[in-house]
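For reference, the structure is listed below as structure tokens.
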């Protein structure tokens with residue numbers, strides 16, 4: 453059924469006088485290759501690709517960062533991709549702030565989370581890691597977190613809650 457629907461949509465676009473415009477819009481979507489990969493192989497695979505060397509082109513796209521920071525995303529595929537990227541940054545084990553190519557992405561995703569008022573889904577696995585890492589820090593919590601760790605946390609929790617009382 454899904455294949456028939458896809459074929460019908462392609463045919464309708466091809467026959468439509470607006471077809472060329474619709475194709476250009478679809479191909480011009482920010483992160484289209486990552487979105488296609490996410491739909492085909494899963495959002496975790498797409499997030500891994502975005503965060504790899506192969507994703508540097510997307511991460512360098514100023515228009516993508518502008519849209520994440522200034523608008524509320526309304527594309528479900530993009531939301532699934534960015535929540536998977538956020539999860540990968542949290543669960544990755546390394547401080548993403550130490551990777552210069554991720555600095556702007558961290559800021560942009562924090563901006564998007566503020567814009568969408570933190571409505572993105574948080575899995576039980578993410579909640580457990582957040583609880584272990586920041587609610588009960590090892591060693592008494594005397595070490596201040598890096599800016600990258602704070603940015604990751606700010607993708608899950610309002611910034612004003614991160615400030616010391």
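Residue numbers (our numbering): 453 to 617.
Cβ atoms here follow ideal geometry from the backbone N, Cα and C, with glycine treated the same way.
None of these values were measured; they are calculated from a predicted model.
Beta-carbon proximity list for residue 541, same chain, < 6 Å, skipping 5 on both sides: Stepping through the chain shown from its first residue, residue 541 is reached at position 89. Cβ neighbours of residue 541 beyond the five flanking positions: 548, 604.
With 16 other Cβ atoms within 10 Å as the buried cut-off, status of residue 433: No statement about residue 433 is possible, as the shown extent of the chain runs from 453 to 617 and does not include it.
N-terminal and C-terminal residue of the alpha helix (DSSP H) that residue 556 is part of: For the purposes of this step, residue 556 is taken as the residue at position 104 of the chain shown. Residues 555-567.
Terminal residues of the alpha helix (DSSP H) in which residue 514 lies: Taking the first residue of the chain shown as position 1, residue 514 is located at position 62. Residues 514-522.
Residue 493 versus residue 560: straight-line alpha-carbon distance, rounded: Along the chain shown, read from residue 1 onward, the residue named residue 493 stands at position 41. Along the chain shown, read from residue 1 onward, the residue named residue 560 stands at position 108. Taking the straight line joining both Cα atoms gives about 25 Å.
Beta-carbon proximity check, residue 580 vs residue 536, cutoff 8 Å: As a first step, residue 580 is located in the chain shown; it is residue number 128 there, counting from the start. As a first step, residue 536 is located in the chain shown; it is residue number 84 there, counting from the start. Not a contact, by the Cβ cut-off of 8 Å.
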